[in-house]
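Read the structure below first, then the notes.
Number of protein chains: 2
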Amino acid sequence: MATIASLPQEQSAIRWHPPSYDIRLETIPVPKIQNPDDVIVKVKLAALCGSDLHIYRGHGGVTAVHTCGHEFIGEVVELGSSYGAASAKGRPALYSSLKVGDKVVSPFTVSCGECHVCRLGYTGRCPEGFLFGSPALEGGQAQYVRVPKGGGTLFSLSDPTTWSSSLSNELKEKALTGLADSSLLMLADILPTGVFAAQQAINHPKVAPVVTGKPWPLCFSQADLAPGNEVGLTTEDRTLTVAIIGLGPVGVCAAVSMLDVVTTRQLPFRIVAIDPIEARREKMKAVYAAIDAGGKGTGDFAVCSIDEAKDKVKEWTGGVGCTAVLEVVGNTSALTLAYDLVRAFGVIVSVGVHGEPPLPLTGRQCYNKNVSLDFGRCPARAMFPIAFDLLVKRQDVFGGVGEAASLIDKVVDFTEAAESYEQFDKGKVGKVIFDPWK
Amino acid sequence: MATIASLPQEQSAIRWHPPSYDIRLETIPVPKIQNPDDVIVKVKLAALCGSDLHIYRGHGGVTAVHTCGHEFIGEVVELGSSYGAASAKGRPALYSSLKVGDKVVSPFTVSCGECHVCRLGYTGRCPEGFLFGSPALEGGQAQYVRVPKGGGTLFSLSDPTTWSSSLSNELKEKALTGLADSSLLMLADILPTGVFAAQQAINHPKVAPVVTGKPWPLCFSQADLAPGNEVGLTTEDRTLTVAIIGLGPVGVCAAVSMLDVVTTRQLPFRIVAIDPIEARREKMKAVYAAIDAGGKGTGDFAVCSIDEAKDKVKEWTGGVGCTAVLEVVGNTSALTLAYDLVRAFGVIVSVGVHGEPPLPLTGRQCYNKNVSLDFGRCPARAMFPIAFDLLVKRQDVFGGVGEAASLIDKVVDFTEAAESYEQFDKGKVGKVIFDPWK
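Right under this line is the structure:
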């Protein structure tokens, strides 16, 4: 096992205690390699995420004390025996190339990268996967964290040969040297989840007529237009109208990603970003203002409360509704609003974490509106190449801390953990990052 | 107005009377042109459809006496004043080209073909649309039927210039001369609805990794594989596993369409076709046996009861589940079975007509399985070019009446209407066609 130096025996970690609202800063053992595929990462920064609040509030059915957090970035300090060119043949490339000292970001779940599910890119549902910061796997709000299946799970921020080929050399250089850790940390969850929402919508077959300019089902057929259907599409027909419900950090990332997609593809668009909380709307407006012209095109972009949004969509579409709705909240009232806003033959993409309540829709409602629904957890590891591209391109948005347009409100030390959870739970602070070494 | 000859004043029609189970053969006036876009069609054949039973049983909330039926084929006998080259410029081509004497098939709903919704190909939800055989629009189980917005609604079986370019001249010739009316009648509803189910599944982004051989989300990106994810897909990964729930005529058409898609694209596949009723399973088996080798490839095809299907999918996929499930029933137990059979990151395509019950799934179930759901009515008019191609190609299946492998059980005259409804309602007979002139 390669180790950067002898690791300490003990570390500080933010720990959750049952039944609820009990966050403690504790001294616990530094994790050790348990399996040959493990990696020990020295955490540089770890973030607090909205979905941490499920457990915090005692809603997750969790009873075991554990280290919190599923968003972290850090440096490899120890590698299991699987790593190295000889043993890693035919496995994910990081089993060959990952080195002690490499800078890495982890997705919020473990994925082996080599099973049937991972090969298809559905890494968020790897059968060997666990969620960091749960009783099954200690989280990243600590000085050190053990990453199982590291070769399949981690993304190297030190090795440009493992990045997407669509990134220019100039941007690769910028990524290596110019990005703040607080910016790179967004890769762990919020940015890929936002990109996941946008990508599911833009690639959905029901959106294809708008994107391709060919009517359903010829939009994905080799056949040409049948003359009975040959009335050409107008610019209005080809205008993608999107609602984004929920402007927490993931919702803002979804908006930035959707703006990037429509601008890159030069699609006419109208986007309405919706949240009942004024502070979140103000954040969204500031982010939009910060995006340079090349990243937001010339379509309409509105930031609205719920009632304003209903009027806006009506005004824009004459009552037809949105081509796609991105639901980034995860409750039944958000799904109901999504249904109200979506057009017939529209798509609702829900990336929120939903709980026990039944879906708030009848079969007849779904049939009558020809609605499509896409649910579920972001396969964050699989999304990294695309999310990383966007992160590097959009430093006008993803670069700062504590400014009006920053997605990160502040960086604090571990002694402020309990207070930060409490304030975050009460909506008094936005995205908080912990520096375990401050 | 062009008329083939003076039409009679009166006609026979199959009429529904409230509150339920009351079907009468009655003499009513022959319809007249009411609007310039209307077409009067002399009905050659009209079919009885499973969804007619909603109203028959009194479940549809309908109270008005009306002529039944939304599947019919016939001949144009009268055209409104909109038809003709001069007035039809910029409108659907049939306003220019449709002639008295032309053979036509109608989708089960009216569509104008020129509004925003129709231009996108979502003809099943045209704001000017009505369902034939409802209080809003007299149905096709009559000697004559009025077709509103005929230029946008009808499909000409006489004019190959209005057909898809993907049909060879040889097949076009065959289509003009060699197809039985009972075969062409399947275009009205059951065949496009089956094709709609298969097309939604095969074009869904969550199926794209299997179809393209590239993992999510690179399956629809210009970016190449990031090496962290470079473990190649195996044949097993690329094998499309599909369950079809419900083997009424639409379910069988969905199976034939899915077989055609996977064979044409040379995709490895496994399809399980499911119905609790033995007679329907036997029909499906006979249809499969009748398809020639070029239309069903070399994948696995199984016909199962519900419990057998669960075991079969488990055996095939090692517990992973189906890539896609086509739900062709329209009730909560079929949706629940679909959820049980679908894989994580799989898609459920539901073309069944659903009623009032809430969807039988919780938000957590949908999140935990990353499931996608597509609901709704087939835009039959828009599907015609593709469905017609399949109809012409697959006369080994769609050609006969009353044989083991025929989707049509028998052709009867109007005097057998009440008895046919009763037998169909009780599951004692399959697809029945009425000949209004017999």
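Those sequence lines, one after another, are chains E and U.
Oh and the first sequence: position 270 is 886 in our numbering, straight run, nothing missing.
Oh and the second sequence: position 357 is 973 in our numbering, straight run, nothing missing.
Glycine included, every Cβ here is placed at the ideal spot set by N, Cα and C.
(message) With distance defined between alpha-carbon atoms, name the residue in E:Met900, E:Leu710 and E:Ala663 nearest to Lys801 (chain E).
(response) For the purposes of this step, residue 801 (chain E) is identified with residue 185 of the first sequence, where counting begins at 1. The residue you asked about is not Lys; residue 801 (chain E) is Leu in the sequence shown. Selected option, being the one with the closest Cα: E:Ala663.
(request) Flag Asn986 (chain U) as yes if its beta-carbon sits less than 8 Å from any beta-carbon of chain E, otherwise no. (result) Position 370 of the second sequence, counting from 1, holds the residue named residue 986 (chain U). Yes, Asn986 (chain U) counts as interfacial toward chain E.
(request) Give the residues from the segment 824–838 of chain E that approach chain U closer than 9 Å (Cβ to any Cβ), ordered along the chain. (result) Ala824, Pro825, Val826, Lys830, Pro831, Trp832, Pro833, Leu834, Cys835, Phe836, Ser837 and Gln838
(request) Could you pull the start and end residues of the beta strand (DSSP E) that Pro645 (chain U) belongs to? (result) Counted from its first residue, the second sequence places residue 645 (chain U) at position 29. First-last of the beta strand (DSSP E) with Pro645 (chain U): Asp638 to Pro645.
(request) Report the three-state DSSP secondary structure of Gln650 (chain U) (helix, strand or coil). (result) Locating residue 650 (chain U) in the second sequence gives position 34, where the first residue counts as 1. Coil at Gln650 (chain U), not helix or strand.
(message) Tell me which residues share the same chain as Ser712 (chain E) and place their Cβ nearer than 6 Å to its Cβ, disregarding the 5 neighbours each side in the sequence.
(response) Reading the first sequence from its first residue, position 96 is the one you call residue 712 (chain E). Closer than 6 Å at the Cβ level, and outside the excluded window around Ser712 (chain E), lie Ala701 and Ala704.
(request) Compare the Cα-Cα distances from Thr777 (chain U) to each of U:Ala1003, U:Phe746, U:Arg741 and U:Leu714 and report the closest residue. (result) The sequence position of residue 777 (chain U) within the second sequence is 161, counting from 1. Thr777 (chain U) has its Cα closest to that of U:Leu714, out of U:Ala1003, U:Phe746, U:Arg741 and U:Leu714.
(message) Given this structure, state the Cα-to-Cα distance separating Tyr699 (chain U) from Asn651 (chain U), to the nearest angstrom.
(response) Locating residue 699 (chain U) in the second sequence gives position 83, where the first residue counts as 1. Locating residue 651 (chain U) in the second sequence gives position 35, where the first residue counts as 1. Distance between the alpha carbons of Tyr699 (chain U) and Asn651 (chain U) is about 11 Å.
(request) Could you tell me which residues DSSP pairs with Pro974 (chain U) in its beta bridges? (result) Reading the second sequence from its first residue, position 358 is the one you call residue 974 (chain U). For Pro974 (chain U), which the question treats as bridged, DSSP gives the partners E:Thr978.
(message) If you follow the alpha helix (DSSP H) that Lys788 (chain E) is in, where does it begin and where does it stop?
(response) On the first sequence, position 172 is the one that residue 788 (chain E) refers to. Unbroken alpha helix (DSSP H) run through Lys788 (chain E): Asn785 to Thr793.
(message) Under 8 Å, Cβ to Cβ, is there at least one residue of chain U near Gly810 (chain E)?
(response) For this step, residue 810 (chain E) is matched to residue 194 along the first sequence. Answer no: the Cβ-Cβ gap between Gly810 (chain E) and chain U never drops below 8 Å.
(message) By the DSSP assignment, the alpha helix (DSSP H) with Thr778 (chain U) in it spans what residues?
(response) For the purposes of this step, residue 778 (chain U) is identified with residue 162 of the second sequence, where counting begins at 1. Premise fails: Thr778 (chain U) is in no alpha helix (DSSP H) and is neither H nor E.
(request) Write down every uninterrupted run of the alpha helix (DSSP H) in the segment 725–774 of chain E whose length is 4 residues or greater and which is fully enclosed by it, in chain order. (result) 732–735 and 766–769
(request) Figure out for me which residue from U:Gly968, U:Val878, U:Asp638 and U:Ser780 has the closest Cα to the Cα of Pro833 (chain E). (result) On the first sequence, position 217 is the one that residue 833 (chain E) refers to. It is U:Ser780 whose Cα lies nearest to the Cα of Pro833 (chain E).
(message) What does the alpha-carbon distance come out to for the pair Val681 (chain U) and Arg631 (chain U)?
(response) The residue labelled residue 681 (chain U) in the question sits at position 65 within the second sequence. The residue labelled residue 631 (chain U) in the question sits at position 15 within the second sequence. If you take the alpha carbons of Val681 (chain U) and Arg631 (chain U), they lie about 7 Å apart.
(request) Would you mind reading off the limits of the beta strand (DSSP E) that contains Lys1042 (chain U)? (result) The count along the second sequence starts at 1 and reaches residue 1042 (chain U) at position 426. Premise fails: Lys1042 (chain U) is in no beta strand (DSSP E) and is neither H nor E.
(request) Give the range of the alpha helix (DSSP H) segment to which Ala824 (chain U) is assigned. (result) On the second sequence, residue 824 (chain U) is found 208 positions in, with the first residue counted as 1. Run containing Ala824 (chain U): Ala824 to Thr828, per the alpha helix (DSSP H) assignment.
(request) Could you work out which residue in E:Leu953, E:Thr914, E:Ile907 and E:Val945 is closest to Pro924 (chain E) when comparing CA atoms only? (result) Within the first sequence, the letter at position 308 stands for residue 924 (chain E). For clarity, residue 924 (chain E) is Glu in the given sequence; the question names Pro instead. It is E:Leu953 whose Cα lies nearest to the Cα of Glu924 (chain E).
(message) I'd like to know whether the C-beta atoms of Val965 (chain E) and Leu951 (chain E) end up nearer to each other than 8 Å.
(response) Looking up residue 965 (chain E) in the first sequence gives position 349. Looking up residue 951 (chain E) in the first sequence gives position 335. No, the pair does not count as a contact, with Cβ atoms beyond the cut-off.
(request) Provide the residue(s) that pair with Phe885 (chain U) in DSSP beta bridges, ordered along the chain. (result) Taking the first residue of the second sequence as 1, we reach residue 885 (chain U) at position 269. For Phe885 (chain U), which the question treats as bridged, DSSP gives the partners U:Leu856.
(request) Determine which residues of the segment 954–981 of chain E have a Cβ less than 7 Å from any Cβ of chain U, and write them out in chain order. (result) Cβ proximity to chain U below 7 Å picks out Ala960, Phe961, Val969, His970, Gly971, Glu972, Pro973, Pro974, Leu975, Leu977, Thr978, Gly979 and Arg980 from the segment 954–981 of chain E.
(request) Starting from Lys658 (chain E), trace the alpha helix (DSSP H) both ways and give me its first and last residue. (result) Along the first sequence, read from residue 1 onward, the residue named residue 658 (chain E) stands at position 42. From DSSP, Lys658 (chain E) is part of no alpha helix (DSSP H) but of the beta strand (DSSP E) over Val655 to Ala663.
(request) Output yes or no for whether 8 Å exceeds the beta carbon distance between Pro973 (chain E) and Gly979 (chain U). (result) Position 357 of the first sequence, counted from the start, is the residue given in the question as residue 973 (chain E). Position 363 of the second sequence, counted from the start, is the residue given in the question as residue 979 (chain U). Cβ atoms of Pro973 (chain E) and Gly979 (chain U): closer than 8 Å.
(message) To the nearest angstrom, how far is the alpha carbon of Thr679 (chain E) from that of Leu669 (chain E)?
(response) Here the question's residue 679 (chain E) lines up with position 63 in the first sequence. Here the question's residue 669 (chain E) lines up with position 53 in the first sequence. The alpha-carbon atoms of Thr679 (chain E) and Leu669 (chain E) are separated by roughly 15 Å.
(request) May I ask which residues mark the beginning and end of the beta strand (DSSP E) holding Arg959 (chain U)? (result) Indexing the second sequence from 1 puts residue 959 (chain U) at position 343. That run of the beta strand (DSSP E) goes Val958 to Ser966.
(request) List the endpoints of the continuous beta strand (DSSP E) containing Thr679 (chain E). (result) Stepping through the first sequence from its first residue, residue 679 (chain E) is reached at position 63. From DSSP, Thr679 (chain E) is part of no beta strand (DSSP E); its letter is neither H nor E.
(message) Between the segment 715–726 of chain U and the segment 683–692 of chain U, can you find at least three pairs of beta-carbon atoms closer than 8 Å?
(response) yes
(message) Run through the DSSP bridge pairs and tell me what Asp1051 (chain E) is partnered with.
(response) Here residue 1051 (chain E) refers to the residue found at position 435 of the first sequence. DSSP, once it has assigned bridges, lists E:Asp1029 as partnering Asp1051 (chain E).
(request) Pick out the complete alpha helix (DSSP H) segments inside the segment 896–970 of chain U, 4 residues or longer, and give them in chain order. (result) 922–933 and 948–957
(request) Run the CB neighbour count on Gln627 (chain E), radius 10 Å, all protein chains shown included, and call it buried at 16 or more, exposed below. (result) Numbered from 1 along the first sequence, position 11 holds the residue referred to as residue 627 (chain E). Buried: at least 16 other Cβ atoms inside 10 Å.
(message) Buried or exposed for Ala960 (chain E), going by 16 or more other Cβ atoms inside 10 Å?
(response) Walking along the first sequence from the start, residue 960 (chain E) turns up at place 344. Per the 10 Å Cβ criterion, buried.
(message) For a contact defined as C-beta to C-beta under 7 Å, what are the partners of Ala998 (chain U) on chain E?
(response) Reading the second sequence from its first residue, position 382 is the one you call residue 998 (chain U). The answer, in chain order, is Pro831, Trp832, Pro833 and Asn845.
(request) Could you confirm whether any beta carbon from chain U is found closer than 8 Å to the beta carbon of Pro652 (chain E)? (result) By one-based count along the first sequence, residue 652 (chain E) stands at place 36. No, Pro652 (chain E) does not count as interfacial toward chain U.
(message) Could you compute how far the alpha carbon of Leu770 (chain U) sits from the alpha carbon of Pro995 (chain U)?
(response) Counted from its first residue, the second sequence places residue 770 (chain U) at position 154. Counted from its first residue, the second sequence places residue 995 (chain U) at position 379. If I take the Cα positions, the gap works out to 13 Å.
(request) On the DSSP bridge assignment, give the partners of Gln627 (chain E) in chain order. (result) Walking along the first sequence from the start, residue 627 (chain E) turns up at place 11. BP columns for Gln627 (chain E) point to E:Ile644.
(message) Shorter than 7 Å, the distance from the beta carbon of Val827 (chain E) to the closest heavy atom of the ligand COA, or not?
(response) The ligand COA is not part of this structure, which contains no ligands at all.
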